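Trainee: Each step along the sequence shown adds one to the number in our numbering, with nothing skipped, and position 274 is 277. We put the beta carbon where it would ideally sit given N, CA and C, even for glycine. Note that the structure is a prediction, hence the values are computed from the model and not measured.
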Amino acid sequence: MCGIVGYIGKSLAAPILLDGLRRLEYRGYDSAGLATVSDGRLETRKCAGRIQALADLLKKEPAPGGVGISHTRWATHGRPVDENAHPHADGSGRLVLVHNGVIENYQALRAQLVEAGHTFKSQTDTEILAHLIGKLYDEARAPHGKARLLEATRAGLKQVIGTYGIAVLHLDVPETIIGARRGSPLAVGLGRGEHFLVSDPQAIIAHSQEAVYLKDYDVAVVGRDGFEISTLEGGIAGSYEVTKVDFTSDDVTLGEFPHYMLKEIFEQPHSVRDALRGRLSKDDASARLGGLNMTPQELRDVDRVIITGCGTAYHAGLVGEYLIEALGHVPCEVEFASEFRYRNMPMDKGTLVLAVSQSGETIDTLAAVRESVRKGHRTLGICNNVASTIARECGAGVYMHAGPEIGVAATKSFTSQVTVFTLLALLLGRIRHQSSSEGLGIIKALEAIPAQIERALETSDQIREIAAKYVGAKGMLFMGRQYNYPIALEGALKMKEITYLQCEGHPSAELKHGFIALIEPDMPSVFIAPDDTMFESNLNSIEQVKARRGPVIAIGTEGRKGLEQVADDVVYIPRCPDYLSPLLTIIPLQLLSYHMAVHLGRDVDKPRNLAKSVTVE
Ligand code: G6P
Numbered sequence: 004m005c006g007i008v009g010y011i012g013k014s015l016a017a018p019i020l021l022d023g024l025r026r027l028e029y030r031g032y033d034s035a036g037l038a039t040v041s042d043g044r045l046e047t048r049k050c051a052g053r054i055q056a057l058a059d060l061l062k063k064e065p066a067p068g069g070v071g072i073s074h075t076r077w078a079t080h081g082r083p084v085d086e087n088a089h090p091h092a093d094g095s096g097r098l099v100l101v102h103n104g105v106i107e108n109y110q111a112l113r114a115q116l117v118e119a120g121h122t123f124k125s126q127t128d129t130e131i132l133a134h135l136i137g138k139l140y141d142e143a144r145a146p147h148g149k150a151r152l153l154e155a156t157r158a159g160l161k162q163v164i165g166t167y168g169i170a171v172l173h174l175d176v177p178e179t180i181i182g183a184r185r186g187s188p189l190a191v192g193l194g195r196g197e198h199f200l201v202s203d204p205q206a207i208i209a210h211s212q213e214a215v216y217l218k219d220y221d222v223a224v225v226g227r228d229g230f231e232i233s234t235l236e237g238g239i240a241g242s243y244e245v246t247k248v249d250f251t252s253d254d255v256t257l258g259e260f261p262h263y264m265l266k267e268i269f270e271q272p273h274s275v276r277d278a279l280r281g282r283l284s285k286d287d288a289s290a291r292l293g294g295l296n297m298t299p300q301e302l303r304d305v306d307r308v309i310i311t312g313c314g315t316a317y318h319a320g321l322v323g324e325y326l327i328e329a330l331g332h333v334p335c336e337v338e339f340a341s342e343f344r345y346r347n348m349p350m351d352k353g354t355l356v357l358a359v360s361q362s363g364e365t366i367d368t369l370a371a372v373r374e375s376v377r378k379g380h381r382t383l384g385i386c387n388n389v390a391s392t393i394a395r396e397c398g399a400g401v402y403m404h405a406g407p408e409i410g411v412a413a414t415k416s417f418t419s420q421v422t423v424f425t426l427l428a429l430l431l432g433r434i435r436h437q438s439s440s441e442g443l444g445i446i447k448a449l450e451a452i453p454a455q456i457e458r459a460l461e462t463s464d465q466i467r468e469i470a471a472k473y474v475g476a477k478g479m480l481f482m483g484r485q486y487n488y489p490i491a492l493e494g495a496l497k498m499k500e501i502t503y504l505q506c507e508g509h510p511s512a513e514l515k516h517g518f519i520a521l522i523e524p525d526m527p528s529v530f531i532a533p534d535d536t537m538f539e540s541n542l543n544s545i546e547q548v549k550a551r552r553g554p555v556i557a558i559g560t561e562g563r564k565g566l567e568q569v570a571d572d573v574v575y576i577p578r579c580p581d582y583l584s585p586l587l588t589i590i591p592l593q594l595l596s597y598h599m600a601v602h603l604g605r606d607v608d609k610p611r612n613l614a615k616s617v618t619v620e
């Protein structure tokens with residue numbers, strides 16, 4: 004949520020900042036801005052709209068200089084208008100600051116500053132922080148310079164309640180950028196004769212593949228030739244490691260695809276293969292998940308699993324619930340992270356908490372992790388971003404290895420998460436009731452999945468045509484049962500996120516308990532009806548929809564007849580065991596939402612109001 008890029012080095016800052024912002028644009032895209040230092044002046048350019056609007060502005064009014072900070076915004080406080088775009092300046096106009104996060108006590112701080120004579124140009128919480136640090140700098144007695152700015156930043160942040168990742172630039176110390184974090188990610192990107200300060204190293208992948216991630220309450224002083232990290236209290240920060248950024252520039256470019264979402268949908272045969280790589284053991288007829296750091300005895304002692312996450316990760320958790328109960332024989336429940344953190348669930352010693360998050364930075368999931376750890380529960384992370392806060396704070400878990408996901412609508416991360424849950428369920432099951440031949444059967448079926456996803460992707464052209472038929476729909480209903488009930492929820496989420504159609508997902512059999520009232524000719528229903536024990540029951544529900552003139556798109560299994568007689572359109576996926584079917588049935592639903600959104604002319608990769616990674620509450 005929001006993106007920060009800072010640069011100090013030998014090149015012109017603005018083009019590097021702009022390129023970095025473009026790579027982070029998916030994090031927030033309602034306004035953008037930058038400030039550079041040139042000839043003893045701050046050159047600030049900012050405007051509402053996408054990064055392209057900022058690029059256009061810079062063509063008219065270039066911002067020279069080799070030092071600068073920049074920001075792409077997802078509005079929390081204040082509408083997305085020019086004056087609310089970052090950077091924000093202090094009262095003197097000599098300090099500028101960009102900020103991710105939320106300053107919760109900004110109203111009280113604002114009142115104090117107004118009392119002291121400050122006037123504000125924006126409605127943001129961030130501007131208060133700029134004025135506060137600027138005021139503390141101006142009032143300090145120490146000589147002008149780096150140490151004075153560092154102290155003022157520390158002193159200002161100590162008055163703040165809330166979350167922040169910030170970059171600060173001051174005209175008195177034009178050779179320095181100061182960064183600090185609490186709750187919002189920030190890293191120093193390393194280079195030769197140049198350094199970066201970024202909320203995500205993806206931003207600078209073309210320039211640097213090494214980063215040092217700040218921890219909460221760290222403050223970094225970044226210069227051309229080096230950087231120093233200390234704590235908010237002024238102490239020496241604990242040890243930090245240089246992390247090698249393990250993806251390439253190609254991983255974050257579109258290639259031949261028109262949108263990241265489509266690229267990522269088509270990457271799923273590879274990303275699922277990568278989630279399985281080295282983790283299937285035929286010798287043990289089980290899964291090997293070394294990152295769990297748990298002995299077989301400890302795994303056996305698990306008598307309850309609680310999965311927590313948000314959005315798509317929550318839906319993957321719901322599939323995980325079915326898998327862990329059916330294959331692993333362990334009672335399992337799933338809770339929204341935003342509820343878990345406040346719910347105070349009674350949990351005993353044998354409860355294992357699994358936090359699922361692609362980004363590893365979602366604030367509610369992080370808070371749920373902290374609550375669980377505070378209570379002494381074993382808490383594991385299922386994350387994609389290896390260096391993320393959730394991954395670090397859990398200390399153990401399973402990485403998804405899906406590669407960078409840029410499209411705001413999550414696709415490949417979902418199938419990777421479900422794959423990881425299947426591995427966990429296999430491991431738990433083999434420690435309990437499953438025979439080795441059952442384990443080997445699951446392994447064989449899992450190994451076939453990447454190629455089956457490839458075949459499911461071949462339905463894309465057929466789905467494009469189906470989507471064209473329904474562009475006039477006023478909404479869509481998604482239904483499935485058992486393993487495919489969460490897929491109905493995820494299908495509805497994908498569709499609403501990127502088409503803005505009102506969509507609902509339900510267990511098929513709930514139809515007659517309420518939402519059958521919505522059925523009419525311009526409200527199509529999507530039934531996920533593979534060839535499993537629920538097939539006949541799904542068929543019944545389809546008949547009930549058809550009897551009320553509702554159009555039906557069905558997702559069925561190759562070779563299973565019956566759907567084509569009742570549904571208007573049928574998309575077939577390859578045959579697999581019912582517990583693996585979500586990995587295949589989700590593919591046509593991702594494609595359906597994608598093609599609908601394209602037909603409707605939506606901005607697929609940057610849907611309105613959303614952000615990829617929600618780092619504010
Ligand atoms: C946001 C994104 C969703 C994502 C959710 C959880 O809402 O728009 O696509 O599923 O956050 O993100 P996480 O990174 O924790 O998986």
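Determine whether the beta carbon atoms of GLY16 and ALA214 lie at a separation below 9 Å.
Mentor: Counted from its first residue, the sequence shown places residue 16 at position 13. Counted from its first residue, the sequence shown places residue 214 at position 211. The residue asked about is misnamed: residue 16 is Ala in this sequence, not Gly. No.
Trainee: Could you tell me whether any non-hydrogen atom of the ligand G6P is closer than 8 Å to the CB of GLN361?
Mentor: To locate residue 361, count along the sequence shown from 1; it is residue 358. Flag set: Cβ of GLN361 near the ligand G6P.
Trainee: Starting from GLN361 and walking both ways along the alpha helix (DSSP H), at which residues does that stretch end?
Mentor: Against the sequence shown, residue 361 aligns to sequence position 358. Per DSSP, GLN361 lies in no alpha helix (DSSP H) and is assigned neither H nor E.
Trainee: Where are the alpha helix (DSSP H) runs, 4 residues long or more, that stay fully inside the region 476–535, in chain order?
Mentor: Entirely contained in the region 476–535, the alpha helix (DSSP H) runs reaching 4 residues are, in chain order, 488–502.
Trainee: Can you tell me whether MET347 is buried or exposed, with buried defined as 16 or more other CB within 10 angstroms of its CB?
Mentor: One-based indexing of the sequence shown puts residue 347 at position 344. Before going on, a small fix: residue 347 reads as Asn here, not Met. Looking at its Cβ environment, which holds fewer than 16 other Cβ atoms inside 10 Å, ASN347 is exposed.
Trainee: I want to know whether the region 124–138 touches the region 201–211 - three or more CB-CB distances under 8 Å.
Mentor: As far as the Cβ criterion goes, the region 124–138 does not touch the region 201–211, which means the pair count is below three.
Trainee: Ends of the alpha helix (DSSP H) at ARG151?
Mentor: For the purposes of this step, residue 151 is identified with residue 148 of the sequence shown, where counting begins at 1. Residues 149–161.
Trainee: From the DSSP output, in three-state form, read off GLY168 for me.
Mentor: One-based indexing of the sequence shown puts residue 168 at position 165. Strand at GLY168.
Trainee: For ILE54, tell me which candidate among THR382, ARG44 and VAL8 has the shortest Cα-Cα distance.
Mentor: As a working note, residue 54 is residue 51 in the sequence shown. Per the Cα distances, VAL8.
Trainee: Given that a residue counts as buried once 16 or more other Cβ atoms are within 10 Å of its Cβ, and exposed if not, what is GLY229?
Mentor: In the sequence shown, the residue the question calls residue 229 occupies position 226. So GLY229 counts as exposed.
Trainee: Among CYS506, PRO580 and LEU369, which residue has its Cα nearest to the Cα of GLY478?
Mentor: Walking along the sequence shown from the start, residue 478 turns up at place 475. The residue from CYS506, PRO580 and LEU369 with its alpha-carbon nearest to that of GLY478 is CYS506.
Trainee: Any chance you could list the alpha helix (DSSP H) runs of at least 4 consecutive residues sitting entirely within the region 319–354, in chain order?
Mentor: Complete alpha helix (DSSP H) runs here, min 4: 340–346.
Trainee: Can you find the residues in the same chain that come closer than 6 Å, C-beta to C-beta, to MET599, ignoring five residues on each side of it along the sequence?
Mentor: To locate residue 599, count along the sequence shown from 1; it is residue 596. Cβ neighbours of MET599 beyond the five flanking positions: ALA470 and THR502.
Trainee: Using the Cβ count rule (16 or more neighbours within 10 Å means buried), how would you classify ILE164?
Mentor: Here residue 164 corresponds to residue number 161 of the sequence shown, with the count starting at 1. It counts as exposed.
Trainee: Using only the heavy atoms of the ligand G6P, determine whether one of them is closer than 8 Å to the beta carbon of GLU64.
Mentor: Along the sequence shown, one-based indexing puts residue 64 at 61. Flag unset: Cβ of GLU64 not near the ligand G6P.
Trainee: Can you tell me where the alpha helix (DSSP H) holding THR425 begins and where it ends?
Mentor: By 1-based counting over the sequence shown, the position of residue 425 is 422. Note, THR425: alpha helix (DSSP H), 415–434.
Trainee: Check VAL619 in the structure and name its three-state DSSP category.
Mentor: Taking the sequence shown and counting its residues from 1, the one referred to as residue 619 is at position 616. VAL619 falls in the coil class under three-state DSSP.
Trainee: Between ILE490 and ARG551, what straight-line distance do the alpha-carbon atoms span, to the nearest angstrom?
Mentor: Counting from one through the sequence shown, the residue named residue 490 turns up at place 487. Counting from one through the sequence shown, the residue named residue 551 turns up at place 548. Their backbone Cα atoms lie some 24 Å apart in a straight line.
Trainee: Would DSSP call TYR140 helix, strand or coil?
Mentor: Taking the sequence shown and counting its residues from 1, one reaches residue 140 at position 137. The DSSP-derived three-state label of TYR140 is helix.
Trainee: Can you find the residues in the same chain that come closer than 6 Å, C-beta to C-beta, to GLN271, ignoring five residues on each side of it along the sequence?
Mentor: By 1-based counting over the sequence shown, the position of residue 271 is 268. Cβ-Cβ distances below 6 Å link GLN271 to LYS415, THR418 and ILE456 in the same chain, with the five nearest sequence neighbours on each side left out; the list follows chain order.
Trainee: Evaluate VAL245 with the Cβ neighbour count: other Cβ atoms within 10 Å of its Cβ, from every protein chain shown; 16 or more gives buried, anything less gives exposed.
Mentor: Residue 245 sits at position 242 when you count from the first residue of the sequence shown. Exposed, by the Cβ-count rule.
Trainee: On a CA-only basis, which of LEU426, ILE466 and ALA520 is nearest ALA448? Give me that one, please.
Mentor: Along the sequence shown, one-based indexing puts residue 448 at 445. The option with the nearest alpha carbon to ALA448 is LEU426.
Trainee: Taking Cβ to Cβ, would you say MET482 is nearer than 9 Å to LEU514?
Mentor: Along the sequence shown, one-based indexing puts residue 482 at 479. Along the sequence shown, one-based indexing puts residue 514 at 511. For MET482 and LEU514, yes; Cβs fall inside 9 Å.
Trainee: Quick one: give me the first and last residue of the alpha helix (DSSP H) that ARG307 is part of.
Mentor: As a working note, residue 307 is residue 304 in the sequence shown. From DSSP, ARG307 is part of no alpha helix (DSSP H) but of the beta strand (DSSP E) over 307–312.
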